[in-house]
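Input: a single structure, listed below in structure tokens.
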Ligand code: G3I
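Numbering (UniProt numbering), first residue to last: 23 to 365.
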């Protein structure tokens, strides 16, 4: 067997391999990263540009420029685009704050879905229709949508998207929904959507995990349980945070972000940490391969370590290393472990 240096080639018969794309990548500003994208990925999710704050900045104004570019980029390079996301409590347009009546929230909700899903009808492969509607205990998050529209808003969002874009796959997406309580909430959502007569095709498990603590058992149980409900299972925002996140009650100020305690590896990763990251990714992909008949896509949340949101959360200026490619777009040991599973 010929050794493969491409993720999408290595896993061609198993599942799609995706990445989040940021604006610079959509605009093809950096030839090195863009050639890496074409070589490695056959699926992509816009990291920010299709979120409502960006695509729908004013009540009557939409800005489709970069989202259109993203769709063209996908068509040109054989990359399946997953729209992200139609209904989310975060990154909402500012004008939402000024809306006082539930009727107007309903109008916003309906018009937004119809307009955005309608524009990309037949152009995006799938939509994260609703994102992060759950609390950790499995109850519904008290978002602007729940408060104003009631719990039926989730099924309604699926119905509206299906009407606007009938041949697009429709997903519910969340983080920690491999954890038992949140998973139970997610299963309730799936059942409610189906009972309402609307269609749901799959569940996205975001997969923002932590070095040495990837919850393999919960992940495996989730793959099995979601799939038993007829869902395609996807890992939609995969990264493994290398810096520890013990911030509970800590002073998360910019000063802390730059402290050696919060940002210990500013000069690169020590070999043992690099190895642990590779081992974590290897174990995860072994599990994915074991269940490849149930998994349709694995998407990383960024191309290289420099792109990752984890450098800027919970404060700006941390130096994180959560992905398979380093800041110079070079494959890390974790990359070779992952493609090595297929070579
Ligand atoms: O573009 C502006 C820039 O003009 C400005 O100078 C700068 C300074 O504040 O901010 C820039 O916008 C930032 C944007 O990312 C682009 O970098 C926003 O502040 C920042 O809040 C935004 O963060 C995004 C985050 O969602 C917002 O919640 C991350 O990039 C994005 O990776 C992250 O993605 C989410 C998924 O959509 C859903 N699941 C969780 C995941 C990680 O939080």
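Idealized CB from N, CA, C, for every residue including glycine.
Would you kindly work out how many angstroms separate the C-alpha atoms of residue i and residue j, rounded to a whole number?
{"i": "residue 23", "j": "residue 362", "result": "Summary for residue 23: the model assigns pLDDT 45, below 50, so the residue's position carries little reliability; its value from the coordinates is reported in the next sentence. Answer to the nearest angstrom: the Cα atoms are 11 Å apart."}
{"i": "residue 189", "j": "residue 89", "result": "19 Å"}
{"i": "residue 295", "j": "residue 289", "result": "13 Å"}
{"i": "residue 154", "j": "residue 94", "result": "28 Å"}
{"i": "residue 131", "j": "residue 364", "result": "44 Å"}
{"i": "residue 83", "j": "residue 29", "result": "39 Å"}
{"i": "residue 160", "j": "residue 197", "result": "12 Å"}
{"i": "residue 223", "j": "residue 77", "result": "24 Å"}
{"i": "residue 286", "j": "residue 278", "result": "11 Å"}
{"i": "residue 98", "j": "residue 85", "result": "22 Å"}
{"i": "residue 233", "j": "residue 359", "result": "16 Å"}
Mind checking whether the beta-carbon of residue i lies closer than 7 Å to any heavy atom of ligand 2?
{"i": "residue 134", "result": "Ligand 2 is absent from the structure shown, which contains only ligand 1."}
Return the residue from the list the options that minimises the CA-CA distance to residue i.
{"i": "residue 171", "options": "126, 150, 230", "result": "126"}
{"i": "residue 39", "options": "301, 347, 258, 243", "result": "258"}
{"i": "residue 238", "options": "63, 187, 96, 301", "result": "301"}
{"i": "residue 193", "options": "181, 202, 203", "result": "181"}
{"i": "residue 276", "options": "303, 227, 144, 335", "result": "335"}
{"i": "residue 108", "options": "311, 178, 57, 338", "result": "178"}
{"i": "residue 303", "options": "325, 236, 200, 199", "result": "236"}
{"i": "residue 124", "options": "168, 104, 310", "result": "168"}
{"i": "residue 392", "options": "213, 98, 321, 312", "result": "The shown model of the chain, from 23 to 365, leaves out residue 392, and the question about it has no answer."}
{"i": "residue 204", "options": "232, 247, 281, 220", "result": "247"}
{"i": "residue 414", "options": "297, 220, 310, 52", "result": "This structure does not reach residue 414, given that the chain is present from 23 up to 365, and the question cannot be answered."}
{"i": "residue 134", "options": "119, 120, 115, 122", "result": "115"}
{"i": "residue 299", "options": "328, 325, 343, 49", "result": "343"}
{"i": "residue 47", "options": "33, 96, 74", "result": "96"}
{"i": "residue 327", "options": "265, 183, 87", "result": "265"}
By DSSP, does residue i sit in helix, in strand, or in coil?
{"i": "residue 320", "result": "strand"}
{"i": "residue 355", "result": "helix"}
{"i": "residue 244", "result": "helix"}
{"i": "residue 416", "result": "Residue 416 cannot be examined here, being either before or after the span of the chain that is shown, 23 to 365."}
{"i": "residue 231", "result": "strand"}
{"i": "residue 27", "result": "coil"}
{"i": "residue 344", "result": "coil"}
{"i": "residue 181", "result": "helix"}
{"i": "residue 191", "result": "strand"}
{"i": "residue 264", "result": "coil"}
{"i": "residue 137", "result": "helix"}
{"i": "residue 253", "result": "coil"}
{"i": "residue 339", "result": "coil"}
Between residue i and ligand 1, is there a pair consisting of the residue's CB and a ligand heavy atom that are separated by less than 7 Å?
{"i": "residue 231", "result": "no"}
{"i": "residue 112", "result": "yes"}
{"i": "residue 193", "result": "no"}
{"i": "residue 106", "result": "yes"}
{"i": "residue 197", "result": "yes"}
If we define contact as Cβ-Cβ less than 8 Å, is residue i a contact residue for chain D?
{"i": "residue 200", "result": "Looking for chain D here will not work: only one protein chain is present."}
Report all residues from its chain with a CB closer than 6 Å to the CB of residue i; omit the five preceding and five following residues, and keep chain order.
{"i": "residue 319", "result": "37, 38, 40, 65, 256"}
In chain order, what residues of the same chain have a beta carbon less than 8 Å from the beta carbon of residue i, not counting five sequence neighbours either side?
{"i": "residue 187", "result": "139, 140, 142, 143, 144, 146, 149"}
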